[in-house]
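Colleague: Sharing a structure, written as structure tokens. Questions coming.
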Amino acid sequence: QVQFVESGGGLVQPGGSLRLSCAASGFTFTNYAMAWYRQAPGKDRELVATISLAGGSTNYADSVKGRFTISRANAKNTVYLQMNSLKSEDTAVYYCNAVPGRRFDSWGQGTQVTVSS
1277 QVQFVESGGG
1287 LVQPGGSLRL
1297 SCAASGFTFT
1307 NYAMAWYRQA
1317 PGKDRELVAT
1327 ISLAGGSTNY
1337 ADSVKGRFTI
1347 SRANAKNTVY
1357 LQMNSLKSED
1367 TAVYYCNAVP
1377 GRRFDSWGQG
1387 TQVTVSS
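Counting with my numbering, you get residues 1277 to 1393 for the letters of the sequence shown.
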């Protein structure tokens, strides 16, 4: 059974930082490029960042480029998202899953990130 457990969210002031973690299980983690997604209130879920199988290649949405960094620890079946210089528009629930085209039907509960003064 595929499972994702996201953690690390919270309330942070504009300009602050957070590090999200996602523990994955139920599939062979090293066979999948992974991604972080987010969904803000009233909006569709959007792709934030992707990382290749071994972590050597990453891609970012234009809105987070230069501020967010995705990484993975294959020995721990975990993917991370370091978020710096946070803005109010980054407020959303953040989820991890495989990259588009290989995404699993099941999603975790997500982790809430709220950027507000």
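Note that beta-carbon positions come from the ideal geometry of N, C-alpha and C, so glycine has one too.
Hey, would you say Glu1322 sits closer than 7 angstroms to Thr1387, going by beta carbons?
Modeller: Contact flag unset, no.
Colleague: Less than 8 angstroms between C-beta atoms, sequence neighbours within five positions excluded: which residues of the same chain meet that for Val1389?
Modeller: Within the same chain, Val1389 has close Cβ partners Gly1285, Gly1286, Val1288, Leu1294, Leu1296, Arg1314, Met1359, Leu1362, Asp1366, Thr1367, Ala1368, Val1369, Tyr1370.
Colleague: Do Phe1305 and Asn1335 count as a contact pair if the criterion is CB distance below 7 angstroms?
Modeller: The answer is no: Cβ separation not under 7 angstroms.
Colleague: Assuming contact is defined by CB atoms lying nearer than 7 angstroms, are Ala1374 and Tyr1308 in contact in what I supplied?
Modeller: The answer is yes: Cβ separation under 7 angstroms.
Colleague: At what residues does the beta strand (DSSP E) containing Leu1397 begin and finish?
Modeller: Only positions 1277 to 1393 of the chain appear in the structure, and residue 1397 is not among them; the question remains open.
Colleague: Which two residues bound the contiguous beta strand (DSSP E) that contains Phe1344?
Modeller: Start and end: 1344-1349.
Colleague: Between the C-alpha atoms of Ala1316 and Ala1351, what's the straight-line distance to the nearest angstrom?
Modeller: Between Ala1316 and Ala1351, the C-alpha separation is close to 31 angstroms.
Colleague: Once you ignore the five residues that flank Phe1380 on each side, which residues in its own chain have a CB closer than 7 angstroms to its CB?
Modeller: Around Phe1380: Val1278, Asn1373, Ala1374.
Colleague: Once you ignore the five residues that flank Ser1301 on each side, which residues in its own chain have a CB closer than 7 angstroms to its CB?
Modeller: Closer than 7 angstroms at Cβ, skipping near neighbours: Gln1279, Asn1353.
Colleague: Quick check on Ala1325: buried or exposed, where buried means 16 or more other Cβ atoms within 10 Å of its Cβ?
Modeller: Ala1325 comes out buried.
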